[in-house]
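Undergrad:
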Amino acid sequence: FFMLFLQSGLVDEFGRGNPKYIAGKSGAELAREVVFITTGQSAEIAPTPRFDRSPIYWAGWVLAYYQWYSGRSFEEIHKALPFSELLRMYPTLHEADINKFVSIANEILTESKEQSETNLSRLRKARGLSQKELSAASGVALRMIQLYEQKQNDINKAQAASLHSLAQVLGCKIEDLFE
């Protein structure tokens, strides 16, 4: 279900705190809407009262809490910390303070981000360009492109003109270059 939730686009509404989704719908209503958006079929999911807190409930709760706490998107969190991994954390963390989970999740996401390829590198490779070719086409110095891709310089703090040139050559929005 979580993968359908990511694909539905409702994950963004939920992440932004849209009251329609965080307070206005039951879990069953949200599930029906996700299934309809992603498959085009209506699903009859009868709400069943549950009085226990299952591992799935806990994983969903800590995921939502962490998304709101960290301000990261569900997609970004999911890349480093898939739902299956959250479920594996249940036995050791479900009775711990939520701050323990936040601390562990922060470590995992920080480590993942350090090891991951930058958006600039991924977009450049997808367009079939070398760093040198991107530099020539955009007018951004080759060394700057290398530093951005090596995470030695923060592309989020780059000059607007450089970002605009890179985005034009790569056929993307400036925001797509940000980390």
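Per the working numbering, the very first residue in the sequence shown carries number 70; after that it's consecutive. Backbone N, C-alpha and C define an ideal beta-carbon position, used for all residues, glycine too. Note that the structure is a prediction, hence the values are computed from the model and not measured.
(1) Counting only beta-carbon separations shorter than 7 Å, does Ala97 have a partner in chain C?
(2) Alpha carbon to alpha carbon, what distance is there between Gly96 and Asn225?
(3) Pair every Cβ in the segment 198–207 with every Cβ in the segment 157–175, then say whether three or more of these pairs are closer than 8 Å.
(4) Quick check: Ile177 and Ala133, are their CB atoms within less than 7 Å of each other?
(5) When the Cα of Gly84 is compared with those of Trp137, Tyr126, Asn188, which residue comes out closest?
(6) So, under 8 Å CB-CB, Gln215 and Gln200 are touching, yes? Tell me the CB distance rounded to an integer number of Å.
(7) Inspect the beta-carbon positions of Tyr217 and Leu189 and report whether they are closer than 7 Å.
(8) In the DSSP assignment, the alpha helix (DSSP H) including Ala165 goes from what residue to what residue?
(9) Using the C-alpha atoms, what's the distance from Ile146 back to Ala128?
(10) For Glu186 and Arg122, I'd like the C-alpha separation in whole angstroms.
(11) How many angstroms separate the CA atom of Pro124 from the CA atom of Leu155?
(12) Assign Phe70 to one of two classes, buried (16 or more other C-beta atoms within 10 Å of its C-beta) or exposed (fewer than that).
(13) Can you tell me whether Met72 is buried or exposed? The criterion is at least 16 other CB atoms within 10 Å of its CB, across all chains shown.
(14) How would you call Phe105, buried or exposed, if buried means at least 16 neighbouring beta carbons within 10 angstroms?
TA: Considering the structure as presented:
(1) In summary, chain C is missing from the structure at hand, where a single protein chain is found.
(2) If you take the alpha carbons of Asn225 and Gly96, they lie about 37 Å apart.
(3) no
(4) no
(5) Trp137
(6) 6 Å
(7) yes
(8) That residue, Ala165, is in no alpha helix (DSSP H); it is neither H nor E in DSSP.
(9) 13 Å
(10) 37 Å
(11) 9 Å
(12) exposed
(13) exposed
(14) exposed
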